[in-house]
Structure formats: C-alpha cells, structure tokens
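Below: the structure, in structure tokens.
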Amino acid sequence: MRIEYATSNPILINEVNDRQDILAADDLIDFCIHARRLVDNMDLRDLLYQAKMETSDTKAPLSLGQIVGYLIHHDVLMIFRCGVRFRMLQKWIKGKTRDEFFKDVEVEIQETAFSEPITPHILFQSDRSDGLRLINLVTFLKTFSDTVLLEILKSNHWLEDDLFKDLDMTEEDARRVFYRMVKS
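When you line the sequence shown up against the numbering used here, it's residues 23 to 206, in that order.
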C-alpha cells in the first residue's frame, strides 16, 4: 500500500479519490498475492490460518489466511478513509430499513463527503466469506507484520546479516538508499 494513500486527507475531487481508491485496492490485492506466496515458500501456511484478527463488523474474528484469500478472490472490495462515508456505512450495516437508514444519515448527507480522514477500513466479500466483512487496514497490516513477518525474521538467521556490508556505506547512507527504493 502506498503510505501516502493511508495518511493523506481525502480531497473534494471525486475522480482523484476514486483513482486513489482503485490504486490502493490494486496495491492491497498485490500485497495479498505476494504475502500468500511468501507464506507458502516459507512453509508458514498453518501460522497464517492460526493468526486471528478482530474485525470492525459484528461477526466472528477471521484468520489472516481467510482475509488474504477473501481479498484476492473478492466480489466486493471498497476502501473507506472518510469519516462521513464510514459512519454512513456503519449505519447501513446495522440492517435497518431503507427509510430508517436515510433518516439516520440525514446529517452525514449534508456534510462535505471528504471532510474527515480516518484510518482506512476495507469492506469486502468473496464467494466463500459469510457475507460482507469489514476490517481496519492498519490492524490487518500490523497483525500480519507482528505474526508472519516476525516469524520469518526469527526463523531465518540469514536475514540478520548486514545487507549493506559489502557496499562500503554507512548505515545512514544505506537508510537513504533504502528509503529512495521504497518511496519509488
């Protein structure tokens, strides 16, 4: 995921926001595909399915493996990073009638749609999921890092080697090079 996306304020130009959401969704799917390949190559599939994550909906927690699979094979995938839109989604999820929903969101409808940035949430559904599911994107990435990536680092001592020792540069220079590689 592009860090700029997750930390940027939504703006009033709908086409720009829509394009940002499409790019972020593509990045998320790419991440999930590569994460699953990494897990398979490192023989950590059991860990991926044992690690559970609380969701932002009222349903049972999901395993990281389920989330990755559902995101890769999604039928529905929407990213919410605007507080107004997210509150409207939460009211819609409560399952009220159409009239009750529109009465509940009357205040939000009158607000500027992109006025309040929030931590991105992902609404998704696949043919194998139990309906629409909602997760906090930051929580998902942190849970993946804290479980899967940490296990990879602990179990592969060759990763502890200084990757820049043969390049004759200081740690600060290496950080700048790494930052430029990641940023582009």
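We put the CB at the ideal spot given by N, CA and C, even for glycine.
Measure the C-alpha to C-alpha separation of residue i and residue j and round it to an integer number of angstroms.
i: VAL98; j: ASP190; result: 49 Å
i: ASP62; j: THR141; result: 30 Å
i: PHE102; j: THR119; result: 22 Å
i: ARG202; j: GLU193; result: 14 Å
i: ILE25; j: ILE51; result: Low confidence applies here, because ILE25 scores a pLDDT of 47, under 50, leaving its location unreliable and the question unanswered by this model.
i: VAL106; j: ASP195; result: 43 Å
i: THR80; j: VAL199; result: 44 Å
i: ASP65; j: ALA73; result: 15 Å
List the endpoints of the continuous alpha helix (DSSP H) containing residue i.
i: MET110; result: 105-115
i: SER177; result: 172-177
i: LEU66; result: Careful: LEU66 lies outside any alpha helix (DSSP H) and carries neither H nor E.
i: GLU138; result: Where GLU138 is concerned, there is no enclosing alpha helix (DSSP H), given that its DSSP letter is neither H nor E.
Check this for me: beta carbons of residue i and residue j, under 9 Å apart or not?
i: LYS157; j: ILE174; result: It is worth fixing the name first, because residue 157 is Ile in this sequence and not Lys. No, the pair does not count as a contact, with Cβ atoms beyond the cut-off.
i: PHE53; j: TYR92; result: no
Against chain C, with Cβ distances strictly below 9 Å, would residue i count as a contact?
i: LEU172; result: Within the model displayed, chain C is absent; a lone protein chain is all it includes.
Taking the alpha carbon of residue i as the reference point, which residue from the options has its own alpha carbon closest?
i: PHE162; options: LYS116, LEU70, GLU37 and MET75; result: MET75
Per DSSP, which one or two residues make a beta bridge with residue i?
i: SER148; result: HIS96
i: PHE102; result: HIS143
Could you give the residue range of the beta strand (DSSP E) that holds residue i?
i: LEU163; result: Premise fails: LEU163 lies in the alpha helix (DSSP H), 159-166, not in any beta strand (DSSP E).
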